[in-house]
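Enquirer:
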Amino acid sequence: PPAVSPMFTARLSGMFVRRACSAAAAVAAGSGLALHMTIDAPTPAQKPALCAGAAPPGLGPGDQLVMSGDCGGTNTRLELFRVPANAQLVLGDKPPGERLFNKTYQNHQFASFQAVVETFLAEAPATAGGARPAACCLACAGGIVDNTVTFTNVEKGWSIDGAALARATGIPRVQLINDFEAQGYGLLTLRAGEKLQLNTAAPRPGSPIACVGAGTGLGECFLTSTKGEYTCFPSEGGHVEFAPRDELAADLLKFLKRKFEQNHRVSVERVISGPGLGNVYEFLRQHWAYADRRDPDLDSAFLSAPEHAKGALVAKGAARGDVLCAKAVHIFSESYGSEVGCVALKFLPYGGLYISGGIAAKNPQWVTGEAFSYAYKDKGRMSPLLDKVPLYLVTVEDTGERGALYKAIALLTEAV
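And the structure:
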């Protein structure tokens, strides 16, 4: 990167933006270039009616409230931030803002998501007097369609409509994004010490960025740049077909098709995820080549553990040197590397390809080892392309929370 980082500055007045820069200032995560967005304090006439009057507790003149959240099938975590008048969104740094209040709610205790938000606003000291956030971004575990989402695994059958929620709560802007889309925006906030580069490729400013992250499931997303500003797009890449690389993996595919009653295919996240690691061990424990190598105590603990906890047991077993667990981790790592390499070919993310999620952050050796690396680069005639894609391991686990806040602050720059 150049000795002095070019800056893309957008000075904002209320909800409108005046941009002054050239496309040459386009930046990419990890390139060392910076994107700065300065938020001017709105004049009294520009403030929304609900924000008029005396500043709420903890807010100074020109400060704005911003709300973000993580909405899952079981819990909803909401946060309220104070964003100062001179706030800057800087590529490669955490979003500006001071957390004023945060709380996690159990969804089954509320009749609707609106009730959760109204409870949060009533409990937060900064909004208890009737003030409202200027913008809100909610990262939701589900597909977003026209700023709406439906949770099929919530007992009361929740649906969230961003526009309706804005009208009901008095929050001017409410934006719903996919939870892994929030991960993508969170990549833009990573500092140098929060990612580990796994190859020597240099990121190209303005090029696409992609992200793959294994956790409870397998998430994938990509980002594209327009005049230096990145937009993240979600995908359902975790549900593409699992592709075996050898005979043992082919046996695994047959096992998974029987287990999940599929005639022709199973999703790759049935292998590359926390539950997927449990599936791999379950396969190995009955396979003719490994059945007699089971550790009785560990195997008994595995069989009695709830489904969501089995992957963690396998990880602990591998760390202790258990043969079956170590082989399960090897298959997991090889499959993970292969899928990340497929993402590299699909998007050619010369701005950076990121491996995120709690599994990799907690077990970095699983993606820095030979099994992952070989499968990642083993792409036949296209293998040389993989050396040109900057590959990073994200070493922090709060990128989703950061991404939701990043997007919420960015909403302040968008014209209504």
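The sequence shown: position 114 = 105 (the working numbering), numbered continuously.
By construction, the Cβ of each residue, glycine as well, lies at the ideal position given by its N, Cα and C atoms.
Quick caveat, the model's predicted, so the values are computed rather than measured.
1) Roughly how many whole angstroms lie between the Cα atoms of Leu376 and Leu268?
2) Relative to the C-alpha of Thr118, which candidate in Asp137, Gly134, Leu129 and Leu71 has its C-alpha closest?
3) Since Ala78 contacts Gly88 with CB under 8 Å, what's their CB separation in whole angstroms?
4) For the region 330 to 346 against the region 292 to 308, do three or more pairs of beta-carbon atoms, one drawn from each stretch, fall closer than 8 Å, so that the two count as touching?
5) Got a sec? Which residues, its chain only, sit under 7 Å from Arg393 by beta carbon, not counting five neighbours each side?
6) Which of the three DSSP states, helix, strand or coil, is assigned to Ile263?
7) Report yes if the CB atom of Thr67 is closer than 8 Å to the CB atom of Asn93, and no otherwise.
8) Quick one: give me the first and last residue of the beta strand (DSSP E) that Lys94 is part of.
9) Does the beta-carbon distance from Ile400 to Val57 come in below 8 Å?
10) Grab the span of the alpha helix (DSSP H) containing Arg249 for me, first residue to last.
11) Can you list, in chain order, the residues of its chain whose CB lies under 7 Å from that of Ser295, leaving out five sequence neighbours each side?
12) Does Val358 come out as helix, strand or coil in the three-state DSSP assignment?
13) First and last residue of the alpha helix (DSSP H) that includes Glu298?
14) Does the separation of the CB atoms of Leu209 and Cys223 fall below 8 Å?
15) If the criterion is Cβ atoms closer than 8 Å, does the pair Pro163 and Ala130 meet it?
16) For Glu388, which residues of its own chain have a beta-carbon under 7 Å away from its beta-carbon, when the five flanking residues on both sides are left out?
17) Can you confirm whether the region 241 to 251 touches the region 264 to 281 when touching is taken to mean that 3 or more C-beta pairs between the two stretches lie within less than 8 Å?
18) Assuming Ile168 and Ile135 form a contact by the criterion Cβ under 8 Å, report the distance between their Cβ atoms to the nearest whole angstrom.
19) When the distance is taken between beta carbons, is Pro381 closer than 8 Å to Asn138?
20) Enumerate in chain order the residues of its own chain whose CB-to-CB distance from Gln188 is below 6 Å, with the five nearest sequence positions on each side excluded.
21) Spatial neighbours of Val314 within its chain, please: CB distance less than 7 Å, with the 5 preceding and 5 following residues excluded, ordered by chain position.
22) With distances taken between CB atoms, is the gap from Lys370 to Gly328 smaller than 8 Å?
23) So, for Ser347: in the same chain, excluding its five sequence neighbours on each side, which residues have a beta-carbon less than 7 Å away from its beta-carbon?
24) With burial defined as no fewer than 16 other Cβ atoms inside 10 Å of the residue's Cβ, what is the status of Lys398: buried or exposed?
25) With a 10 Å radius around its C-beta and 16 neighbouring C-beta atoms as the bar for buried, classify Ser324 as buried or exposed.
26) Using the rule of at least 16 other Cβ atoms within 10 Å of the residue's Cβ for burial, across every protein chain shown, is Pro196 buried or exposed?
27) Tell me the rounded alpha-carbon separation between Ala115 and Leu91.
28) Quick one, are the C-beta atoms of Glu260 and His230 less than 8 Å apart?
29) Considering only residues of the region 124 to 161, which uninterrupted alpha helix (DSSP H) runs meet the minimum length of 4 residues and lie entirely inside it, listed in chain order?
30) Looking only at its own chain, which residues have a Cβ that is under 6 Å from the Cβ of Thr95, when we skip the five neighbours before and after it?
31) Measure the CB-CB distance between Val271 and Ala335 and report whether it falls below 8 Å.
32) So is Arg73 buried or exposed if we call it buried at 16+ other beta carbons inside 10 Å?
33) Whole angstroms is fine: what's the gap from Ser103's alpha carbon to Gly228's?
34) I need the boundaries of the beta strand (DSSP E) containing Ala72, first residue and last residue.
35) Just how far apart, CA to CA, sit Ala395 and Asp61?
36) To the nearest angstrom, report how far apart Asp170 and Gly64 are at their CA atoms.
Expert: Taking the structure as given:
1) 29 Å
2) Leu71
3) 7 Å
4) no
5) Lys85, Pro86, Gly177 and Thr180
6) Looking at Ile263 - three-state DSSP - the assignment turns out to be coil, as it is neither helix nor strand.
7) no
8) Glu89 to Gln97
9) yes
10) Glu238 to Lys250
11) None.
12) helix
13) Glu298 -> alpha helix (DSSP H) spans Glu298 to Ala310.
14) The answer is no: Cβ separation not under 8 Å.
15) With respect to the 8 Å criterion, Pro163 and Ala130 are not classified as neighbours on the basis of their beta carbons.
16) Gly349 and Ala352
17) yes
18) 6 Å
19) Against a cut-off of 8 Å, the Cβ pair of Pro381 and Asn138 comes out as no contact.
20) Closer than 6 Å at the Cβ level, and outside the excluded window around Gln188, lie Tyr383.
21) Cβ neighbours of Val314 beyond the five flanking positions: Arg284.
22) No, they are not a contact pair.
23) Gln174, Cys202, Gly204, Val385 and Thr390
24) buried
25) buried
26) buried
27) 8 Å
28) yes
29) 153 to 160
30) Asn66 and Arg68
31) Between Val271 and Ala335, the CB-CB gap reaches or exceeds 8 Å.
32) buried
33) Going by the C-alpha atoms only, they are around 30 Å apart.
34) The identity of residue 72 in the sequence shown is Phe, whereas the question assumes Ala. Asn66 to Val74 is the span of the beta strand (DSSP E), which, as asked, contains Phe72.
35) 8 Å
36) 12 Å
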